[in-house]
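Student: Sending over a structure as structure tokens; questions will come in a sec.
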Amino acid sequence: MRQITTTQITKSTAELFKEACYQLPDDVIRVLEKSRNEEASPVARNVLEKMLQNATVASQGNVPLCQDTGTAVVFIKLGQEVHISGGSLYDAITEGVRLGYKEGYLRKSMVAQPYSSRNNTKDNTPPVIHLDLVPGDKLEVIALPKGGGGENMSKLAMLIPASGREGVIDFIVNTVSEAGSNSCPPVIVGVGIGGTSEKAMLLAKEALLREIGSINCNPENAELEKEILTRINNLGIGAMGYGGSITALAVHIKTFPCHIGCMPVAVNLQCHSARHKRAVI
Numbered sequence: 160m161r162q163i164t165t166t167q168i169t170k171s172t173a174e175l176f177k178e179a180c181y182q183l184p185d186d187v188i189r190v191l192e193k194s195r196n197e198e199a200s201p202v203a204r205n206v207l208e209k210m211l212q213n214a215t216v217a218s219q220g221n222v223p224l225c226q227d228t229g230t231a232v233v234f235i236k237l238g239q240e241v242h243i244s245g246g247s248l249y250d251a252i253t254e255g256v257r258l259g260y261k262e263g264y265l266r267k268s269m270v271a272q273p274y275s276s277r278n279n280t281k282d283n284t285p286p287v288i289h290l291d292l293v294p295g296d297k298l299e300v301i302a303l304p305k306g307g308g309g310e311n312m313s314k315l316a317m318l319i320p321a322s323g324r325e326g327v328i329d330f331i332v333n334t335v336s337e338a339g340s341n342s343c344p345p346v347i348v349g350v351g352i353g354g355t356s357e358k359a360m361l362l363a364k365e366a367l368l369r370e371i372g373s374i375n376c377n378p379e380n381a382e383l384e385k386e387i388l389t390r391i392n393n394l395g396i397g398a399m400g401y402g403g404s405i406t407a408l409a410v411h412i413k414t415f416p417c418h419i420g421c422m423p424v425a426v427n428l429q430c431h432s433a434r435h436k437r438a439v440i
């Protein structure tokens, strides 16, 4: 049994959120550069260039890529041979978020009692934590600061099985079309298909973490991703809604078996500032 202290977890979580808000991952930079070079519209090409310049300034100055530093979403893979010492795992992560947003001068966006008082919690807590128990003696922490613009455009459809493949495609493409510029395109489209309503939504968010440019391990899903990406980019929405040939940087699909009478499909949109960082303790 390997011991990991809550102090280690808190420190790692705080650093991950600061780094995530300051630095775009390399795969996002590469696809933005590729999109800038391939974009047909001069206006949209200029917007993509500004996005890349913004990423450089943020990284060099250790300042946020975007004023919306998001809801603190944390994915945890906890090895079943790990013992957490010094307190609660969830408390350690929460303290890490609190410290990271304070030390990093990141905007605090969380409000309590969402439908009435909406008072700011003033430290961006509580985080949204997803815990997965896995084999091994390590702890993986993934920090995902999720902005409100893309999150507001998320959708779930409980399609009937007869909707089939075309029904899935239509729902996903229509979701991006209706979002327009609200999700700050070019977007990454996370898709979850199957399971139950809540499982599909979680799959869609998890799909956003996959490296852009990687091939889906399921060949059928890989083909579906290509077709949906083509249809989305034919919408003409373009970077920040200014028009153009690139509305989405990638479509990432995760699937799960489901009930014979169901076909849940969830879409979670990630803006061009696709921030996340991971660490293994």
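Each residue of the sequence shown is one higher than the last, beginning at 160 in the numbering used here.
Each residue gets a CB set at the ideal place from its N, CA and C atoms; glycine is no exception.
Report the partner residues of Ala231 according to the DSSP bridge assignment.
Tutor: The sequence position of residue 231 within the sequence shown is 72, counting from 1. In the DSSP output, where bridge partners are listed per residue, Ala231 has Pro304.
Student: Counting Cβ pairs closer than 8 Å, one from the stretch 299-317 and one from the stretch 215-229, do we hit at least three?
Tutor: Counting Cβ pairs under 8 Å, three or more are found: they touch.
Student: Please return the same chain residues whose Cβ sits closer than 6 Å to the Cβ of Val327, not counting the five positions on each side in sequence.
Tutor: Position 168 of the sequence shown holds residue 327. Result list for Val327: Val424, in chain order.
Student: State the DSSP-derived secondary structure class of Asn278, mapped to helix, strand or coil.
Tutor: For this step, residue 278 is matched to residue 119 along the sequence shown. Three-state DSSP puts Asn278 in a strand.
Student: Where does Gly353 sit, in a helix, a strand or coil, going by DSSP?
Tutor: Counted from its first residue, the sequence shown places residue 353 at position 194. Three-state result, Gly353: strand.
Student: Measure how close the beta-carbons of Ile163 and Ile235 come, nearest whole angstrom, since I'm counting them as under 8 Å.
Tutor: As a first step, residue 163 must be located in the sequence shown, where it is residue number 4. As a first step, residue 235 must be located in the sequence shown, where it is residue number 76. 11 Å between Cβ atoms; not a contact.
Student: Kindly provide the ranges of any beta strand (DSSP E) runs that are 3 or more residues long and lie completely inside the stretch 237-263, ordered along the chain.
Tutor: Listed in chain order, the complete beta strand (DSSP E) runs (minimum 3 residues) inside the stretch 237-263 are 241-244.
Student: Using CA atoms only, rank isn't needed, just tell me which of Leu298, Cys421, Asn279 and Ala381 is closest to Ser244.
Tutor: Locating residue 244 in the sequence shown gives position 85, where the first residue counts as 1. Among Leu298, Cys421, Asn279 and Ala381, the Cα nearest to that of Ser244 belongs to Leu298.
Student: Going by other Cβ atoms of all chains shown within 10 Å of its Cβ, with 16 needed for buried, is Cys376 buried or exposed?
Tutor: On the sequence shown, residue 376 is found 217 positions in, with the first residue counted as 1. Cys376 is exposed by the Cβ-count criterion.
Student: Using 10 angstroms around the beta-carbon of Thr280, count the other beta-carbons present and answer buried if the total reaches 16, otherwise exposed.
Tutor: The sequence position of residue 280 within the sequence shown is 121, counting from 1. Exposed, by the Cβ-count rule.
Student: Pick out whichever of Glu310, Asn392 and His242 has its Cα sitting closest to the Cα of Leu361.
Tutor: One-based indexing of the sequence shown puts residue 361 at position 202. When each option's Cα is compared against that of Leu361, the closest is Glu310.
Student: Would you check if the distance between the CB atom of Ala366 and the CB atom of Gly353 is smaller than 9 Å?
Tutor: The residue you call residue 366 lines up with position 207 of the sequence shown. The residue you call residue 353 lines up with position 194 of the sequence shown. Cβ distance not < 9 Å, so Ala366 and Gly353 don't count as in contact.
Student: Classify Thr406 as buried or exposed, calling it buried when 16 or more other Cβ atoms lie within 10 Å of its own Cβ.
Tutor: Translated into positions along the sequence shown, residue 406 becomes position 247. Label assigned to Thr406: buried.
Student: Taking C-alpha atoms, which residue in Ala398, Gly246, Glu379 and Val348 lies nearest to Glu197?
Tutor: Translated into positions along the sequence shown, residue 197 becomes position 38. Minimum Cα distance to Glu197 is reached at Ala398.
Student: Would you decide whether Lys209 is buried or exposed? Buried here means 16 or more other CB atoms lie within 10 Å of its CB.
Tutor: Numbered from 1 along the sequence shown, position 50 holds the residue referred to as residue 209. Exposed.
Student: Tell me the DSSP secondary structure of Ile391 in three-state form.
Tutor: Within the sequence shown, residue 391 is the residue found at index 232, counting from 1. In this structure, Ile391 counts as helix in the three-state DSSP scheme.
Student: Buried or exposed for Lys385, please, with buried defined as at least 16 other CB atoms from any protein chain shown within 10 angstroms of its CB.
Tutor: Start at 1 with the first residue of the sequence shown, and residue 385 comes out as number 226. It counts as exposed.
Student: Only counting the same chain, and skipping five residues up and downstream in sequence, which positions put a Cβ closer than 7 Å to that of Asp329?
Tutor: One-based indexing of the sequence shown puts residue 329 at position 170. So the list is empty, once near-sequence residues are dropped.
Student: Let me make sure I understand the geometry here. Which of Ala217, Lys177 and Gln429 has the alpha-carbon closest to that of Ile371?
Tutor: Within the sequence shown, residue 371 is the residue found at index 212, counting from 1. Nearest of Ala217, Lys177 and Gln429 to Ile371, Cα basis: Gln429.
Student: Could you give the C-beta distance for Glu262 and Lys177, rounded to a whole number, given that I count them as a contact under 8 Å?
Tutor: Within the sequence shown, residue 262 is the residue found at index 103, counting from 1. Within the sequence shown, residue 177 is the residue found at index 18, counting from 1. Correct: roughly 7 Å between the Cβ atoms.
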